[in-house]
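2 protein chains.
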Amino acid sequence: MQLDHVFGALSDPTRRAIVMRLCDGEASVGELAKPFEMALPSLMKHIRILESSGLVASEKTGRVRTCSLQTEALATVEVWLAAQREIWEQRLDRLEMYVEKLKKEEKANVRKRRSK
Amino acid sequence: MQLDHVFGALSDPTRRAIVMRLCDGEASVGELAKPFEMALPSLMKHIRILESSGLVASEKTGRVRTCSLQTEALATVEVWLAAQREIWEQRLDRLEMYVEKLKKEEKANVRKRRSK
DNA sequence: GCTATAGTTAGCTTTATGGCTAACCAATCA
DNA sequence: TGATTGGTTAGCCATAAAGCTAACTATAGC
Numbered sequence: 012m013q014l015d016h017v018f019g020a021l022s023d024p025t026r027r028a029i030v031m032r033l034c035d036g037e038a039s040v041g042e043l044a045k046p047f048e049m050a051l052p053s054l055m056k057h058i059r060i061l062e063s064s065g066l067v068a069s070e071k072t073g074r075v076r077t078c079s080l081q082t083e084a085l086a087t088v089e090v091w092l093a094a095q096r097e098i099w100e101q102r103l104d105r106l107e108m109y110v111e112k113l114k115k116e117e118k119a120n121v122r123k124r125r126s127k
Numbered sequence: 012m013q014l015d016h017v018f019g020a021l022s023d024p025t026r027r028a029i030v031m032r033l034c035d036g037e038a039s040v041g042e043l044a045k046p047f048e049m050a051l052p053s054l055m056k057h058i059r060i061l062e063s064s065g066l067v068a069s070e071k072t073g074r075v076r077t078c079s080l081q082t083e084a085l086a087t088v089e090v091w092l093a094a095q096r097e098i099w100e101q102r103l104d105r106l107e108m109y110v111e112k113l114k115k116e117e118k119a120n121v122r123k124r125r126s127k
């Protein structure tokens, strides 16, 4: 599973809607297609993309294909984002500490200057 | 800030690399360009895309443009993902409870059958 | 003021994306 | 077995994406 494909898959509103729909449980291709004013083959493409991204799995029994969500992929993306934000926030913290240090030094300087 | 654009922006490896680089602090366009074997205008396009997605901000002073990360956008995506996963997991929980219920009933049935 | 540096604009190419229709296959169901 | 339903394949089109080069603008440094 690659971030590229997962982010790519989620960048389309139709596909995000499908993911949201699948959060409520499995669905057949036809069921997924209903809310959209879109030809079946077009929707199938989206499903394929979701599948190749690892976000969705599907299985065909008889003539109906049932799709379901694969949460591991969602989790992977969450982890990546959280990691980035963490690094960033650590940096902000350091910066903040540095600023605090500067402020204290400045206060000290002010006191010094006053006492001169 | 729209999910479409943020996910779209993050679906490209070059742009994710830029985001990761900016986690370590601000950088000029030139600095950002260095690690990539890519013409400047191409890289600039990526920066524009990151900017229009709200992930990155930039300001030009003199002749250098300095770019920085806007964490709110990252946070927004995280929230969306977490929400989806939560719904999904709640559903799994309900399903699990249902399965447990079924198991208990089955056990009860077995006991009944034995006592017959 | 000339030159080098840092971006920017314009315009081109190639490939990918998102949509369509029409025709097709394979299970159900009457 | 013939019609209907559910999905699939193939192939087309328009637009967007990702890259390039070449030429341009505007600051900084000498």
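Chains as they are written, first to last, in my numbering: chain W, 12 to 127; chain B, 12 to 127.
C-beta: ideal position from N, C-alpha, C; glycine also.
*Whose CA, out of Met31(W), Glu100(W), Arg32(W) and Ser22(W), lies closest to the CA of Thr82(B)?*
Position 71 of the second sequence, counted from the first residue, corresponds to residue 82(B). Out of Met31(W), Glu100(W), Arg32(W) and Ser22(W), Glu100(W) has the C-alpha closest to the C-alpha of Thr82(B).
*Please work out which residues of its chain come closer than 7 Å, Cβ to Cβ, to Lys127(W), disregarding the five sequence neighbours upstream and downstream, and give them in chain order.*
Here residue 127(W) refers to the residue found at position 116 when the first sequence is read from its first residue. Residue confidence for Lys127(W) is low, a pLDDT of 38 falling below 50, so the modelled location carries little weight; the figure read from the coordinates is stated next. Once the five neighbours on either side are set aside, Lys127(W) has no close Cβ partner at all.
*With 9 Å set as the bound, which would you pick, yes or no: does the beta-carbon of Gly53(B) sit closer than that to a beta-carbon of chain W?*
For this step, residue 53(B) is matched to residue 42 along the second sequence. It should be pointed out that residue 53(B) corresponds to Ser in this sequence rather than to Gly. Residue contact check for Ser53(B) against chain W: no CB pair falls below 9 Å.
*Specify the secondary structure class of Leu80(B) as computed by DSSP and reduced to three states.*
The residue you call residue 80(B) lines up with position 69 of the second sequence. If DSSP states are grouped into helix, strand and coil, Leu80(B) belongs with the strands.
*asked:* Please classify Leu61(B) as buried or exposed, where buried requires at least 16 other C-beta atoms within 10 Å of its C-beta.
replied: The residue you call residue 61(B) lines up with position 50 of the second sequence. Counting C-beta atoms within 10 angstroms of its own C-beta, Leu61(B) has 16 or more neighbours from the protein chains shown and is therefore classed as buried.
*Please list, in chain order, all residues of the same chain as Ser79(B) whose beta carbon is under 6 Å from its beta carbon, the five residues on each side excluded.*
Sequence index remark: in the second sequence, residue 79(B) carries index 68 (1-based). Apart from the 5 residues on each side of it in sequence, Ser79(B) sits with its Cβ closer than 6 Å to the Cβ of Glu37 and Ala68 in its chain, given in chain order.
*Given a threshold of 16 other Cβ atoms within 10 Å of its Cβ, counted over all protein chains shown, does Arg59(W) qualify as buried or as exposed?*
As a position in the first sequence, residue 59(W) is number 48, starting the count at 1. That one is exposed.
*Is the beta carbon of Val88(W) sitting closer than 9 Å to the one on Leu14(W)?*
Position 77 of the first sequence, counting from 1, holds the residue named residue 88(W). Position 3 of the first sequence, counting from 1, holds the residue named residue 14(W). Contact flag set, yes.
*Report all residues from its chain with a CB closer than 6 Å to the CB of His57(B); omit the five preceding and five following residues, and keep chain order.*
As a working note, residue 57(B) is residue 46 in the second sequence. Thr25 and Arg26.
*Using a Cβ cut-off of 9 Å, pull out every chain B residue sitting near Thr86(W), in sequence order please.*
Here residue 86(W) is taken as the residue at index 75 of the first sequence, counted from 1. Before going further, note that residue 86(W) is Ala rather than Thr in the sequence given. Contact of Ala86(W) with chain B by beta-carbon distance below 9 Å involves Leu92 and Arg96.
_What does the alpha-carbon distance come out to for the pair Arg125(B) and Leu92(W)?_
Against the second sequence, residue 125(B) aligns to sequence position 114. Against the first sequence, residue 92(W) aligns to sequence position 81. With a pLDDT of only 44 at Arg125(B), under 50, the local geometry of the prediction cannot be trusted, and no value is derived from it.
_Pick from Ala94(B), Ser39(B), Leu85(B) and Glu42(B) that is closest to Gly19(B), judged by C-alpha positions_ = Here residue 19(B) corresponds to residue number 8 of the second sequence, with the count starting at 1. Check the Cα spacing between Gly19(B) and each of Ala94(B), Ser39(B), Leu85(B) and Glu42(B): the tightest is with Leu85(B).
*So is Val90(B) buried or exposed if we call it buried at 16+ other beta carbons inside 10 Å?*
Here residue 90(B) is taken as the residue at index 79 of the second sequence, counted from 1. By the 16-neighbour rule on beta-carbons within 10 angstroms, Val90(B) is exposed.
*Cβ-Cβ separation, Val17(B) to Gly65(B) (assumed contact under 8 Å), whole Å*: Residue 65(B) sits at position 54 when you count from the first residue of the second sequence. Residue 17(B) sits at position 6 when you count from the first residue of the second sequence. Sure, about 7 Å apart at Cβ, within 8 Å.
*Could you tell me whether the Cβ atoms of Arg102(B) and Asp23(W) are closer together than 9 Å?*
Along the second sequence, one-based indexing puts residue 102(B) at 91. Along the first sequence, one-based indexing puts residue 23(W) at 12. Note that the C-beta distance between Arg102(B) and Asp23(W) is not below 9 Å.
*Phe18(B) versus chain W: which residues are under 7 Å apart at the beta carbon?*
The residue given as residue 18(B) occupies position 7 in the second sequence. Near Phe18(B) (Cβ distances below 7 Å), the residues of chain W are Phe18, Leu21 and Ser22.
_Could you check whether the Cβ of Glu89(B) sits closer than 9 Å to any Cβ belonging to chain W?_
The count along the second sequence starts at 1 and reaches residue 89(B) at position 78. Closer than 9 Å: yes.
_Residue burial classification, Leu51(W) (beta-carbon count within 10 angstroms, cutoff 16)_ = In the first sequence, residue 51(W) corresponds to position 40, counting from 1. The residue in question, Leu51(W), is exposed, as its Cβ has fewer than 16 Cβ neighbours within 10 Å.
*Taking the CB atoms as reference points, tell me whether Leu33(W) and Leu21(W) lie closer together than 9 Å.*
Within the first sequence, numbered from 1, the residue matching residue 33(W) stands at position 22. Within the first sequence, numbered from 1, the residue matching residue 21(W) stands at position 10. Leu33(W) is not a Cβ neighbour of Leu21(W), given a cutoff of 9 Å.
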